[in-house]
Each structure stands twice: as structure tokens, then as C-alpha cells.
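Notes to accompany the following structure.
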Amino acid sequence: MSKKRTRANPDEVSMLEGPLDYRYDRVPHASDAGIELAWESKLEKHATGRLWDASKYRLHSAGVDAKTKRVTLKLGTTSYKEYVGTHTSSRPAGERETLLRDGDAAGSKNTHLSCSLGIESVLRTADGGIVLLRRSDQVAVQPGKFNGPAGHPEPSDASGTDAAAAKAVIFHSALKETHEETGVPLGSMSPPRLIGGMIDAEGKPILLFLTETSLTAAEVASTYASAGAASDAWESSGLHVVSATPSVAVECRESDTAGGTDGLRVGEPSVVDAGVRGDVGGEKAATAKTRDENRRVASNAESEATLTSGFNPSLTRQYWARSETFSSVTRAAVDCVYMLEATSGDVEDATRLTSRAHVWENALDAAMDHDLDAVAGVIERLNLSHLGMGGF
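Residues 1 to 392 (UniProt numbering) make up the sequence shown, in order.
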């Protein structure tokens, strides 16, 4: 399984390669009869009438210009059926491994894969919440997990095949999917901001967006509960809102797997060797003890404030700790939000967030985990500058 990869904070997308190009489509493979078998298996397993084939954008490759920070996408077309038949467990593992091996021999392991482009949004409410959905048992991928509004940009929604049309559809899809899954009116949402991208454990590329709504958490919940307000509400079994302020009870995560985070470090005490170095060791122990006590008090206060605001404190901590309760895509989105907050150019907002070490620690952890050395360097320099150590 491939480890997920993310890119943080690209502000713009420019399809510099021009219109959709058949050269970026999936290359057929001799075993393609297996795609149809996998699709039939998926339809049989999810006999709800809510699974259908449709055209999708295929991401051939992507790049970020180091100077302009603009993102270039090379796009072709594919289908949902091809995605199911080349990426998911509906196709036997041995056959998928053959696709990867033969593709690699042809120049890219993705040559025979669908690589259908997905999206997921981080939706912030007017009163400082983040909207999450619990995936229902009727969905084909990761049922039962929490995630943000998600889906696929549809080529059929584009006004043409040129670059501008594709870009418009991709960005609008972040709003469209949010509206269809939560009922939040399109007019109440800000233009989406591209904050990152990832490749999940199955090799599917996903763009991550951040958008805001003028509705409060309670208003979003009410809209979601309204009969018929959300045309795709069947995809979720419930709507939940967590605090958009990173939890002080989260230090950093322990480790990362191909599917994402597999551990929490919520309120764990620091390990200090308290007698080996005499007074110095004892002083360090006392400092650590004070820090842990301050963290405990802050955590209790935070829980009380979160409950008062209507946000679930336990789910908030799990969200910011990237618990496996959440989909791997959502955990990657949290990584991007940490990095975005830690490198924010907004002085007031940056002061509010980066004055707490746990935000910096988690942002740096995320950058290093995804091999984003340049982002890690920026975070470290900003942290030192904030501490008055900019000369070091």
C-alpha cells in the first residue's frame, strides 16, 4: 500500500497543458475484462440503486511551480467504473498488482489505473466550527468513517473541454458536493481555497479545499435535518460539528500508516529522567510537571468552552489528533490545516494560534511526515521568530 502524500497551501490552479487531452487518459490493459467483473461485484454488494457509472476527470500528473506557487494539473477522462475496477478491493489484489507492475514497465505505475480525481472540503461555520459527516453503510468507500463533504468533479458539468472550464468545475464541485450532502445553500459559502492534495492508500488522487459558510453550526445542523434539503444526504448517517480551534489536549500523533494516522497522543505526560542530572534533571522534571498541569487545566477549560458552544469536545480532540475514526482523506486535510495555520500571513490569526506550541508541533510533524522540507523550514523559522530567536 502506498503512503499518502500531501502538498500544503497551493493558492491557485492553472491547467497549463490546455484542454483535456486523450494522451492523459488511462491506457487499456489486456486484463480489462476484470473491470467489468469488479463493477458487477460492487453493484451486487451495494444493491441500493445508488451506485452508477459516470465520467470523471483523470489526474495524469500534477506539479507546483516553486516561484509562483501555481499548481499545474494534467487531466484526461476516466469513469467511476474504471476506478472501482483498477483501484479498489472489488478487483483481486493480484490483478491490481499486475496493473501496477505492467504500468511501471511502461513508464508509470499509474498507466493502467483510473486515477479518478476526487475532492473533499473543510467547511468552517460562522461560529467557529468544522462540519463533519458520518459516512453511511450505503456508501461504497469507507462506510462508518467521519469525513468532510466529498465527491468528484464531473466533466459533464463543464461548459467545454478547455482549461478554464475544467478549473471552474473542479472548484465549483467543492461547493456543489457540500450543498448536496449538507443542504447548506451555495450562496452562503465563500469561494473554496485549495489547501492541498493527496494520494490515498488505493492510489486515488484527491484535492483538498477550505471554504466558509455564513451559517452557524446550529443553522447547518437544522438545514441538514430539513427533509429534502440535501439531495445526497443518504450518503451520511449524521452531521457533527467540531471546534475549528486546534485542541490544546493534542500534542502530536505517534505514527503514520499507509491509511493515515494510527495513534493519538491526547494529554500524555512527558517522559523526563528526573534524577540523573541532579538539580538540572529535577528542574526539567518540575518544568515538565508544570507544563502538564497547565495543559490539563487548559484542556478542562477548553472542554467546558467547547460544550458551551455546542461542539463535541471528545470528537474535537479526535479530529485534531487525526484519529482513525476519520477517513484517511480527512486526516490529510487536518494536516494541511495545521500547516496552513502555522504559515498564515494573517498576523492577528497567526498570533492567536501560534502562541500555543501544540499547533506548531503538529504543523511541523505534518510537514516532516509528508517530506515537505521547505514547509517544515518555514514553520521552524516562524516559530523561532515568534519566540524572539530569529537570529539563530
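All C-beta atoms in this analysis are idealised placements derived from N, C-alpha and C, irrespective of residue type, glycine included.
Predicted, not measured: the structure shown is a model, and the values here were computed from it.
Mapping DSSP to helix, strand and coil, what is residue i?
i: S61; result: strand
i: P313; result: helix
i: E324; result: coil
i: M1; result: Because the pLDDT of M1 is 33, which lies under 50, any placement of that residue in the model is unreliable, and the number read from its coordinates should be weighed accordingly. M1: coil per DSSP, three-state reduction.
i: R23; result: helix
i: residue 393; result: There is simply no residue 393 to check, as the chain begins at 1 and stops at 392 in what is shown.
i: S124; result: Here the sequence assigns Arg to residue 124, which means Ser is not the residue at that position. Strand at R124.
i: K145; result: coil
i: G118; result: strand
i: A150; result: strand
i: V241; result: strand
i: G194; result: Looking at the sequence shown, residue 194 is not Gly but Leu. Three-state DSSP puts L194 in a strand.
i: V250; result: strand
i: S344; result: coil
i: S108; result: coil
i: S385; result: helix
i: S55; result: strand
i: L372; result: coil
i: Q318; result: helix
From residue i to residue j, what distance separates their C-alpha atoms?
i: A357; j: L340; result: 15 Å
i: N383; j: L59; result: 36 Å
i: P153; j: L186; result: 16 Å
i: D21; j: E95; result: 27 Å
i: V250; j: R331; result: 14 Å
i: H240; j: Y319; result: 11 Å
i: T216; j: S243; result: 12 Å
i: S178; j: M189; result: One detail in the question is off: residue 178 reads as Thr in this sequence, not Ser. So the two alpha carbons sit approximately 9 Å from each other.
i: L372; j: S344; result: 16 Å
i: Y224; j: V184; result: 7 Å
i: E324; j: G144; result: 11 Å
i: S116; j: P205; result: 7 Å
i: H46; j: R322; result: 29 Å
i: A374; j: E181; result: 36 Å
i: S385; j: I379; result: 10 Å
i: W52; j: R381; result: 49 Å
i: S255; j: A163; result: Residue placement at S255 is flagged as unreliable, the pLDDT there being 43, under the threshold of 50; the coordinate-derived value follows with that caveat. Their backbone Cα atoms lie some 39 Å apart in a straight line.
i: V169; j: P92; result: 33 Å
i: S327; j: A105; result: 32 Å
i: G310; j: D157; result: 37 Å
i: G151; j: G118; result: 6 Å
i: N312; j: G34; result: 44 Å
i: D65; j: I195; result: 15 Å
Looking at the secondary structure, which residues open and close the beta strand (DSSP E) in which residue i lies?
i: K74; result: R70 to S79
i: F209; result: P205 to E212
i: L133; result: G129 to R135
For my contact list, residue i and residue j are in at a C-beta cut-off of 8 Å; report their separation, rounded to the angstrom.
i: A166; j: Y24; result: Not confirmed; about 11 Å, so no contact.
i: G63; j: T72; result: 5 Å
i: A342; j: W360; result: 6 Å
i: V329; j: N147; result: 6 Å
i: E55; j: T77; result: Note that residue 55 is Ser in the sequence shown, not Glu. Rounded, the Cβ-Cβ distance is 6 Å, consistent with contact.
i: S90; j: S159; result: Actually they are not in contact, since the Cβ atoms of S90 and S159 sit about 33 Å apart, beyond 8 Å.
i: R317; j: S226; result: Going by Cβ atoms, the distance from R317 to S226 rounds to 30 Å, so no, they are not a contact pair.
i: residue 398; j: R26; result: Residue 398 lies beyond the range of the chain shown here (1 to 392); nothing can be said about it.
i: L133; j: P149; result: 7 Å
i: T98; j: S31; result: 7 Å
i: S61; j: K74; result: 5 Å
Going by DSSP, what residue range makes up the alpha helix (DSSP H) through residue i?
i: R96; result: A93 to A105
i: M368; result: A357 to D369
i: L37; result: A33 to K45
i: A225; result: A217 to A225
i: T182; result: A163 to T182
Between residue i and chain C, is there a C-beta pair that is closer than 8 Å?
i: A374; result: Protein chain content of the structure displayed is limited to a single chain, and chain C is not contained in it.
- Item | Inter-stretch contact (C-beta, 8 Å, three-pair minimum) for the segment 120-131 and the segment 204-217 | yes
- Query: On the three-pair Cβ rule with 8 Å, is the segment 358-367 touching the segment 324-338?
  - Reply: yes
- Message: Using a Cβ distance threshold of 8 Å, determine whether the segment 78-97 contacts the segment 127-135, with at least three qualifying pairs required.
- Response: no
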